[in-house]
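Those sequence lines, one after another, are chains A and B.
Counted the way this note's numbering counts, the first sequence spans residues 18 to 367.
Counted the way this note's numbering counts, the second sequence spans residues 767 to 1315.
Note that beta-carbon positions come from the ideal geometry of N, C-alpha and C, so glycine has one too.
Quantities reported herein were computed from a predicted structural model and do not represent experimental measurements.
Just below is one structure, and these are the notes that go with it.
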Amino acid sequence: MNDLLRRLLFLPDQASTFAKDVDQLHYFVILTTFVMSTAVGLTAIIFFIRFRRRSESQTTPHIEPAAWMEALFVGVPLIFFTAWFFLGYREFVRQFTPPIDSMDVYVMGKKWMWKFAYPDGPNSINVLRVPAGQNVRLLMTSRDVIHSFYVPEFRVKMDVLPGRYTQIWFNATTPGRYQIFCAEYCGAGHSIMRGEVIVLKPQEYEDWYAAQRRGLADRQDGAPTALDFAPPSGSMVDQGKRIAADQGCLKCHTIDGTRHIGPSWLDLYGRREKLSDGSVVLVDEAYLTESMMEPAQKVVEGFQPVMPSFQGKLTAPETAALVEFIKSLQSDAVRTGPSEGPAYAPIRGR
Amino acid sequence: MRLSEADSHALAGAPAVPDYLHDGTTVMSWLNTRDHKRVGILFLVSVTFFFFVGGLFALLLRLKLLQPGPFFMDALSYNRLFTLHGIVMIFLFLIPAIPSAFGNFVLPLMLGARDVAFPRLNLLSWYLYLIGAAVALWGMIHGGADTGWTFYTPYSSTTPTQVAPILLGAFIIGFSSILTGLNFIVTVHTLRAPGLGWMRMPLFVWSAYATSVIQILATPVLAITLLIVTVERLGGFGLFDPARGGDPVLFQHMFWFYSHPAVYIMILPAMGVISETVCAFSRKNPFGYKAIAFSSLGIAFVGFFTWGHHLLVAGQSVFVGGAFGLLSMFVGIFTAIKVFNWVGTMYRGAISFKTPFAYICGFLYFLVFGGMTGVALATTSLDIHWHDTYFVVAHFHFIMVGASVMAFLAGLHYWFPKMFGKTYHEGFGLVAASLIILGFNATFIPQFLLGNFGMPRRYYQYPDHFQALNVASTAGATLLGFGFVIIVIYLGIALRWGSRSESNPWGSKGFEWLTDSPPPTHNFDEIPTITQMPHDYRTHEPSGVIRVT
Chain A
18 MNDLLRRLLF
28 LPDQASTFAK
38 DVDQLHYFVI
48 LTTFVMSTAV
58 GLTAIIFFIR
68 FRRRSESQTT
78 PHIEPAAWME
88 ALFVGVPLIF
98 FTAWFFLGYR
108 EFVRQFTPPI
118 DSMDVYVMGK
128 KWMWKFAYPD
138 GPNSINVLRV
148 PAGQNVRLLM
158 TSRDVIHSFY
168 VPEFRVKMDV
178 LPGRYTQIWF
188 NATTPGRYQI
198 FCAEYCGAGH
208 SIMRGEVIVL
218 KPQEYEDWYA
228 AQRRGLADRQ
238 DGAPTALDFA
248 PPSGSMVDQG
258 KRIAADQGCL
268 KCHTIDGTRH
278 IGPSWLDLYG
288 RREKLSDGSV
298 VLVDEAYLTE
308 SMMEPAQKVV
318 EGFQPVMPSF
328 QGKLTAPETA
338 ALVEFIKSLQ
348 SDAVRTGPSE
358 GPAYAPIRGR
Chain B
767 MRLSEADSHA
777 LAGAPAVPDY
787 LHDGTTVMSW
797 LNTRDHKRVG
807 ILFLVSVTFF
817 FFVGGLFALL
827 LRLKLLQPGP
837 FFMDALSYNR
847 LFTLHGIVMI
857 FLFLIPAIPS
867 AFGNFVLPLM
877 LGARDVAFPR
887 LNLLSWYLYL
897 IGAAVALWGM
907 IHGGADTGWT
917 FYTPYSSTTP
927 TQVAPILLGA
937 FIIGFSSILT
947 GLNFIVTVHT
957 LRAPGLGWMR
967 MPLFVWSAYA
977 TSVIQILATP
987 VLAITLLIVT
997 VERLGGFGLF
1007 DPARGGDPVL
1017 FQHMFWFYSH
1027 PAVYIMILPA
1037 MGVISETVCA
1047 FSRKNPFGYK
1057 AIAFSSLGIA
1067 FVGFFTWGHH
1077 LLVAGQSVFV
1087 GGAFGLLSMF
1097 VGIFTAIKVF
1107 NWVGTMYRGA
1117 ISFKTPFAYI
1127 CGFLYFLVFG
1137 GMTGVALATT
1147 SLDIHWHDTY
1157 FVVAHFHFIM
1167 VGASVMAFLA
1177 GLHYWFPKMF
1187 GKTYHEGFGL
1197 VAASLIILGF
1207 NATFIPQFLL
1217 GNFGMPRRYY
1227 QYPDHFQALN
1237 VASTAGATLL
1247 GFGFVIIVIY
1257 LGIALRWGSR
1267 SESNPWGSKG
1277 FEWLTDSPPP
1287 THNFDEIPTI
1297 TQMPHDYRTH
1307 EPSGVIRVT
């Protein structure tokens, strides 16, 4: 029954402990709404059939409702509405009261990406990894305008405001990948300000977290990390392409010459770019690397300094692979068809 | 005296006094008129024009949404377009549509008055509307705004688009709204005909009165808010932008303190139109006159205490969220009272299924469905999933387009003979009504489902799995668009070639039908004395006595 109604109403999968409870009330409310609006419509039609105008000079009796009828008109909706309200408010309070044993993750929204930071150090862009069956509290703030953190499968949403912290919590029940949307309008990239929550089995999460911590510790020592020795899969260009999609580079930079939030990568290598301070720079390996690590240093004229630093997010081989990928993007080497806009890697196999 | 010329013609036994349409036919006689009926027609023409502009924007948006990826226009154009669609439809169509067009035309007639209390202010109200529209239009052409019609800070105080002229335009239009409200309140208090006590006033007047109260009390708050945003943008003061020490949620409180009651500015007059038409076409007294009249005032009152339900996930306290959720339920109760009484009015009536009645049926269905989904949204926990998704978009389109525009069309067809003295083609009327009701459902039912599915609003691109429902919605919108075009065609034909209608073609006993259709400039040769409740169909006697001199 639950599943049938959920599919009929196009509700997404129920992947958190809230989802089922919220949906139960949803069914009750929507079914009442359907029944009531149909009943009113049908009554009007029945009255029309029963009380059709028979002659143009017809007169009608003067009728006023009895007191009990008026009471019914007020009472019936009052009972339904207050029932909805109290059922809903109980759930609302629960959704806004994080349990004490919650695990904290810090969330920062900015145009147009999500950054997640775990208290012990690991952080990530656009991908939030959480263990299944664990209460997770998100402490959220924004660096520019208002955003809203929304995961439909969890039935969870909260605005992310600049200048203050807001919080929500959830307990993901089913391992899988779920899309994060920005639900508060925030400008040109609003609709591509998407990320994903990866819900891992507790053990997998522990392994991932330990690896992150180890990587972090290694990097602080300046020693090469395990990733540095990983066998390359495919050419450096292919690796760079994959990294660009994973890291969200392609949300702002196109690879077909279309102007977007950042400069397009097509024909970028070897070009002379005019910077916002008026000087000119030759785009070479050094400038590309610097732009990934300290993006606000040399901003190309006509673009906003909105890019985050990837210092500590990309290993040396990854940076090199990205540079190689950008170098490979020369217009004689790519298709000339119409723009398909910034690439977005779909995350769910629907 | 302004009317002496017409009066002296009548006294001299000249042929019939020219009706208001033929009393001066130069352009200046229209632009400089102080006749409430002509001001009403000026408003009707202006709001209809902007309705089609806003509708065109909507169709362009729907066209883009056929494809999940970039298509037809870029993200910035899309963002500007949905902002303009909202601003044009709300400030230039919905808010003035029924009060300023139909209200101006029929309210004095219903009260047995010769005009509104302040005819010059009334004309000024139309000019302010035009000036505001022109300023906003200037901003639209010179870059537009990409903030959404809600102008949320700090986005609106930092975006480089032309927000200031559009804010200023809305600010000026606000004064037009205030003047109309002021005029109606004074008119209702001072210009009622002999025998027309408060408890005999037509229900449209009650709802126009409640609307006017909201217009006067709430619009200044919007004006202040928009002015502060402009000052913040131009002067760099930090009032809403946290980077400059302001509070962005303060903006949302101030904005919705106006804009939630503004929703009732859009729906209350529509409810008034339905109260009139349902009686006229059921040929029946209003079932529960007092209940309908006082629930209008109830909505106007409670409407001021519900704004916080727009902020349930915006970071206000959980307790405050609950309080606003509960208060919002009362609007639902007052609306339910009205709905039951309208349906009750049909009971044992003599119902004639004319075009306006088709719109009444559409209205009832849309209002109940849209209203109950509104209560569902105020059910705090459900709002978390639905907030800022297409579910909200579908909900308020059900109320604003479903209910308000249905009532607008019902009123337009009901008062068309009153305004122009012409009859339109009934068959085309019913075809267009069916097309519109069908097309409307096909447009917005998929949007309810999209909201359930999790598609946020104001999305230029969307994941592929939302596409099927978006295509369905666009198909529905096309159907809806055709419906409106048909109406323009057959009403245009009726205006030019339509046959002369009778003075009271519906046999209605609303007070506005006591005079000729179209009425003479001074409305009544002699002020009528009201002897009955409005819409008393026990007899065929007219509901008032006019002593002809």
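Selection from the options that minimises the alpha carbon distance to residue i
| i | options | result |
| --- | --- | --- |
| residue 1035 of chain B | B:1141, B:1166, B:903, B:1240 | B:1166 |
| residue 857 of chain B | B:991, B:1025, B:993, B:822 | B:1025 |
| residue 1011 of chain B | B:1022, B:1021, B:998, B:1020 | B:998 |
| residue 278 of chain A | A:209, A:311, A:141 | A:209 |
| residue 1270 of chain B | B:1280, B:1263, B:1071, B:1088 | B:1280 |
| residue 1278 of chain B | B:1257, B:1255, B:1308 | B:1308 |
| residue 934 of chain B | B:954, B:910, B:898, B:918 | B:898 |
| residue 323 of chain A | A:330, A:331, A:314 | A:314 |
| residue 1294 of chain B | B:797, B:879, B:828 | B:879 |
| residue 1020 of chain B | B:990, B:1149, B:813, B:907 | B:990 |
| residue 1193 of chain B | B:1246, B:1209, B:1257 | B:1257 |
| residue 262 of chain A | A:338, A:305, A:220, A:228 | A:338 |
Pair within 9 angstroms by beta-carbon distance, residue i and residue j
| i | j | result |
| --- | --- | --- |
| residue 1304 of chain B | residue 76 of chain A | yes |
| residue 214 of chain A | residue 145 of chain A | yes |
| residue 80 of chain A | residue 1053 of chain B | yes |
| residue 1300 of chain B | residue 876 of chain B | yes |
| residue 1168 of chain B | residue 1217 of chain B | no |
| residue 1220 of chain B | residue 169 of chain A | yes |
| residue 1130 of chain B | residue 61 of chain A | yes |
| residue 1213 of chain B | residue 1123 of chain B | no |
| residue 1184 of chain B | residue 1260 of chain B | no |
| residue 268 of chain A | residue 203 of chain A | no |
| residue 98 of chain A | residue 1095 of chain B | yes |
| residue 939 of chain B | residue 861 of chain B | yes |
| residue 310 of chain A | residue 328 of chain A | yes |
| residue 1041 of chain B | residue 68 of chain A | no |
| residue 138 of chain A | residue 230 of chain A | yes |
| residue 953 of chain B | residue 873 of chain B | yes |
| residue 344 of chain A | residue 302 of chain A | yes |
| residue 1013 of chain B | residue 1005 of chain B | yes |
Neighbouring residues, chain A, relative to residue i (Cβ below 8 angstroms)
| i | result |
| --- | --- |
| residue 1306 of chain B | 74, 76 |
| residue 1050 of chain B | 77, 80 |
Inter-residue CB distance, residue i and residue j (contact presumed, cutoff 8 angstroms)
| i | j | result |
| --- | --- | --- |
| residue 972 of chain B | residue 1038 of chain B | 7 angstroms |
| residue 1151 of chain B | residue 172 of chain A | 4 angstroms |
| residue 176 of chain A | residue 201 of chain A | 6 angstroms |
| residue 274 of chain A | residue 348 of chain A | 7 angstroms |
| residue 26 of chain A | residue 1215 of chain B | 7 angstroms |
| residue 1073 of chain B | residue 1023 of chain B | 5 angstroms |
| residue 1197 of chain B | residue 1252 of chain B | 7 angstroms |
| residue 1138 of chain B | residue 50 of chain A | 4 angstroms |
| residue 115 of chain A | residue 154 of chain A | 4 angstroms |
| residue 1208 of chain B | residue 1242 of chain B | 3 angstroms |
Neighbouring residues, chain B, relative to residue i (Cβ below 8 angstroms)
| i | result |
| --- | --- |
| residue 203 of chain A | 921 |
| residue 220 of chain A | Correct list: empty, because the minimum Cβ distance to chain B is about 29 angstroms. |
| residue 28 of chain A | 1218, 1219 |
Chain-ordered chain A contacts of residue i [CB-CB under 7 angstroms]
| i | result |
| --- | --- |
| residue 1105 of chain B | 57 |
Interface partners of residue i on chain B, CB under 7 angstroms
| i | result |
| --- | --- |
| residue 180 of chain A | 1008 |
| residue 176 of chain A | 1079, 1080, 1081 |
Chain-ordered neighbours of residue i on chain B, where CB pairs are closer than 9 angstroms
| i | result |
| --- | --- |
| residue 101 of chain A | 1095, 1141, 1142, 1144, 1145, 1148 |
Where are the alpha helix (DSSP H) runs, 4 residues long or more, that stay fully inside the stretch 905-942 of chain B, in chain order? 921-924
Legend entry - Entirely enclosed beta strand (DSSP E) segments - the stretch 1117-1183 of chain B, minimum 3 residues: none
- Enumerated in chain order, which unbroken segments of the alpha helix (DSSP H) with a length of 4 residues or greater are wholly contained in the stretch 779-805 of chain B? 793-797
- Query: Counting only runs that start and end within the stretch 87-170 of chain A, where is the alpha helix (DSSP H) found for 4 or more residues in a row?
  - Reply: none
Next item on the list: Tell me the start and end of each unbroken beta strand (DSSP E) in the stretch 295-326 of chain A that is at least 3 residues and wholly inside, in chain order.
Entry: 297-299
Every unbroken beta strand (DSSP E) within the stretch 179-216 of chain A, with a cutoff of 3 residues, ordered by chain = 183-188, 193-199
Checklist entry - At which residue ranges does the stretch 251-284 of chain A contain complete alpha helix (DSSP H) runs of 4 or more residues, listed in the order of the chain? => result 253-263
Self-check item: Every unbroken beta strand (DSSP E) within the stretch 1039-1105 of chain B, with a cutoff of 3 residues, ordered by chain
Solution: Uninterrupted beta strand (DSSP E) stretches at least 3 residues long and entirely within the stretch 1039-1105 of chain B do not occur.
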